[in-house]
Amino acid sequence: MPVEPGESEAHRLNRNYDDLLQELRVSQNGTQILFAFLLIVPFSKGFTDVTGLQRGVYFAALVLSALSAAMLIAPAVMHRMLFRQSHMSDLVQAASQVALGGQTLLAFAVATSVFFVTDYLYGHPLAIAMAIVVLVWTCVWFFAIPLYIRARRQPDDATISSR
């Protein structure tokens, strides 16, 4: 990534890392709320009525949301572990990849949670349809549109991407 005029490489890396943390604050809240909701579900009265399939889907949603939460929190912990170790370039790269992994797991956790609730309320056919719709919808906004924008970017737009 090019450095803006007057911007040092260290400043650019710090700015990129700060941007990443700001982006993660949005995802972390949603993931943590979903995870908290899933943690309390088995203690509700209606949970005894779930089928074996629903119990398995619930558990998958719980694990996916836990893994997503861990990955979305990881960049802050990675920073603390690498603080003042002169690894900022590696940290920014690794944290970005971990964040994308966390977002991917979040998409599956949300779709699985939608399947669980919809199956409990309305049955398998609608649950499958809604889970697919939610997963595709989420993947379009999370991944497809940004990849489309990246693919159609002109080579002389490269300086814009460093901001």
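Counting along the sequence shown from 1, when you hit position 152 you're at 157 in the numbering used here, and nothing is skipped either side.
C-beta: ideal position from N, C-alpha, C; glycine also.
- Contact annotation: Leu131 and Ser73 have beta-carbon atoms that are not nearer than 7 Å.
- Excluding its 5 nearest sequence neighbours in each direction, Thr117 has C-beta neighbours in its own chain below 8 Å: Val62, Ala65, Ala66, Leu69 and Ala136, listed in chain order.
- In this structure, Leu105 sits away from Leu96, with a CB-CB distance that is not shorter than 7 Å.
- For the pair of segments examined, the segment 19-30 was found to touch the segment 77-86: the number of CB pairs separated by less than 8 Å reaches three.
- Here Arg89 is exposed: its Cβ has fewer than 16 other Cβ atoms, across all protein chains shown, within 10 Å.
- The beta carbons of Tyr125 and Gln33 sit no closer together than 7 Å.
- When the Cα atoms are used, Leu18 and Pro151 turn out to be separated by approximately 21 Å.
- Counting only residues of its own chain and dropping the five nearest sequence neighbours on each side, Thr56 has no CB closer than 6 Å to any other CB.
- Here Phe147 really is in contact with Gln108; their C-beta atoms are around 6 Å apart, less than 8 Å.
- Counting the other CB atoms within 10 Å of its CB gives Val31 a total below 16, which places it among the exposed residues.
- About 7 Å separates the Cβ atoms of Leu39 and Val115, confirming a contact at the 8 Å cut-off.
- One alpha carbon belongs to Tyr153, the other to Val145, and they sit about 10 Å apart.
- Assignment of Gln37 by DSSP, reduced to helix, strand and coil, places it in the helix class.
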